[in-house]
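Undergrad: The numbering used here runs 129 ahead of the 1-based position in the sequence shown. Where is the CB? At the ideal position from N, CA and C, for every residue including glycine. Handing you this structure, nothing more for now.
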Amino acid sequence: MTALLVFLMIKQYFASLLVESLLLLVASIFLVYLSLLCSLSVVVAVAEPGCHGAGAVGRAWRLVKGKRRRFMLFISATGVLARRRLLAGPHVLSRQDVRP
């Protein structure tokens, strides 16, 4: 992927680079949205008796449908927190204040 980006920058195919970047961004957002929707469907399947599989996914979709802005805000906040934790590194979570 890096080689393709370097090639496109060298050949000055900025339009292709922009389109590929936008497609990657949209695919990433859709993946996170679908992942959270599937997680919510697991909760629905456990909480509601007789609601399993595709029915639980449909029920989760209907629950999110009315509150799409709030759900997208939750996805964004989760993404920001995950990115901060990723950039901070694993040592931040394991570090403890050690006082002599």
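#1: So, at 6 Å on beta carbons, what are the nonlocal neighbours of V193 in its own chain, with the 5 sequence-adjacent residues on each side left out?
#2: Can you tell me where the alpha helix (DSSP H) with R194 in it begins and where it stops?
#3: Can you tell me the Cα-Cα spacing of L133 and G208, whole angstroms?
#4: Look at A174 and C180 and say whether their C-beta atoms are less than 8 Å apart.
#5: Count the other CB atoms, across all protein chains shown, that sit within 10 Å of the CB of S205; report buried if there are 16 or more and exposed otherwise.
#6: Run through DSSP, which three-state label would G179 get?
TA: In short:
#1: F200
#2: The sequence shown places Lys at residue 194, not Arg. Unbroken alpha helix (DSSP H) run through K194: 183 to 194.
#3: Between L133 and G208, the C-alpha separation is close to 26 Å.
#4: yes
#5: exposed
#6: coil
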